[in-house]
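Using the working numbering, the letters of the sequence shown correspond one by one to residues 741 to 968.
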Amino acid sequence: MFEELPLKQRLISESERLLQMYHHQQLSLTDIAEKYGCTRQYIQMIFKELGIDRRPRLLALRSKPRRHKNKHGFTEDDDQYIRLNYTIKNDAEIALYLNKPVKAVTYRRLVNLKCRKTARRNFTKVENRFIINNYKKLSDGAIARALNRSLVSVAHHRNRVLHRVKRATRKRVGGDNEFTLGNLASAVHERMTGFMNQSKFSDDINRVDPAHLYGQDLNVSKENAENI
Numbered sequence: 741m742f743e744e745l746p747l748k749q750r751l752i753s754e755s756e757r758l759l760q761m762y763h764h765q766q767l768s769l770t771d772i773a774e775k776y777g778c779t780r781q782y783i784q785m786i787f788k789e790l791g792i793d794r795r796p797r798l799l800a801l802r803s804k805p806r807r808h809k810n811k812h813g814f815t816e817d818d819d820q821y822i823r824l825n826y827t828i829k830n831d832a833e834i835a836l837y838l839n840k841p842v843k844a845v846t847y848r849r850l851v852n853l854k855c856r857k858t859a860r861r862n863f864t865k866v867e868n869r870f871i872i873n874n875y876k877k878l879s880d881g882a883i884a885r886a887l888n889r890s891l892v893s894v895a896h897h898r899n900r901v902l903h904r905v906k907r908a909t910r911k912r913v914g915g916d917n918e919f920t921l922g923n924l925a926s927a928v929h930e931r932m933t934g935f936m937n938q939s940k941f942s943d944d945i946n947r948v949d950p951a952h953l954y955g956q957d958l959n960v961s962k963e964n965a966e967n968i
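Set out below in structure tokens:
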């Protein structure tokens, strides 16, 4: 009776077949491991022992979407529905209609169908002028809808590129800093900021080491803190 060879000897004896599957059929190490009923790491060890060259990483990444299994059973009709509706509906609405997980719809749209919601493009001079003329009157969301852009891209472009900040920050005076330093140890943040008409974020930024400013330790009495 024919006795089956151990897995390692079998793989080594079928080195030509392994080479054919990996380099010509473009199967991944995981696909080959499933055929032999072992792990990907074990196939990788056998490849190293046989001296089989691995595919360049860029080539492996390009072929990965073609090897991706359709685990959620997307049909041609499902794909067509995504193509027709991805610009007017979000992925959650499409997933609800197709009865699929939202993440699966997003992956299918981006990787398999190559359907991106917005094209990455530079802001034009007309768009820059529109933002500059309207950023004080309109919200970033309204500007994004008018320019067919994402909210994040509009906010980032307005702040970092055009240097148009929505909220003007009031410069602190000496008395504000003295009040913060004098009551840092015991006063509650919100009460200090309310007294000085400053935001909590502004107070965090301007709060510095007292010794750095005055070169001395500041001891705050309980009576001082209670009078705030």
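Even glycine gets a Cβ: it sits at the ideal position worked out from N, Cα and C.
Worksheet item: So, helix, strand or coil for V894, using DSSP?
Response: helix
Worksheet entry | H903 (DSSP reduced to helix, strand or coil) | coil
Worksheet item: Closest by CA to E754, which one among F787, K876, Q820, V894?
Response: F787
Worksheet item: Quick one: what does DSSP say Y875 is sitting in, helix, strand or coil?
Response: coil
Discussion item. Quick check: L767 and M761, are their CB atoms within less than 7 angstroms of each other?
Written reply: yes
Discussion item. With the cut-off set at 7 angstroms, would you say L887 and D880 are in Cβ contact?
Written reply: no
Worksheet item: In chain order, what residues of the same chain have a beta carbon less than 8 angstroms from the beta carbon of L850, not counting five sequence neighbours either side?
Response: R856
Item to complete: Decide yes or no for the touch test of the region 836 to 847 against the region 810 to 828: beta carbon pairs closer than 8 angstroms, at least 3 of them.
Response: yes
Worksheet entry | Cβ separation of V845 and I828, assumed to be a contact under 8 angstroms, to the nearest whole Å | Going by Cβ atoms, the distance from V845 to I828 rounds to 14 angstroms, so no, they are not a contact pair.
Discussion item. Rounded to whole angstroms, what is the Cα-Cα separation between R861 and E867?
Written reply: 12 angstroms
Worksheet item: Do R898 and R904 come within 7 angstroms of each other at the CB atom, strictly closer than that value?
Response: yes
Worksheet item: At which residue ranges does the region 819 to 850 contain complete alpha helix (DSSP H) runs of 4 or more residues, listed in the order of the chain?
Response: 831 to 838, 842 to 847
Worksheet item: Between which two residues does the alpha helix (DSSP H) containing F787 stretch?
Response: 780 to 790
Worksheet entry | Best match in E774, R794, Q820, Y782 for proximity to Q749 [C-alpha to C-alpha] | Y782
Practice prompt. Drop a sphere of 10 angstroms on the beta-carbon of V894, count the other beta-carbons inside from all chains shown, and report buried for 16 or more, exposed for fewer.
Written response: buried
Worksheet item: Could you give the distance in angstroms between the alpha-carbon of A884 and the alpha-carbon of D819?
Response: 28 angstroms
Item to complete: Determine whether the Cβ of I883 lies closer than 7 angstroms to any Cβ atom of chain D.
Response: The structure shown has no chain D; it contains just one protein chain.
Worksheet item: If we ignore side chains and look at the alpha-carbon of each, how far apart do L758 and G777 end up?
Response: 14 angstroms
Worksheet entry | DSSP three-state assignment for K811, whether helix, strand or coil | coil
Worksheet item: Under a Cβ-count criterion, where at least 16 other Cβ atoms within 10 Å of its own Cβ denotes burial, should D831 be classed as buried or exposed?
Response: buried
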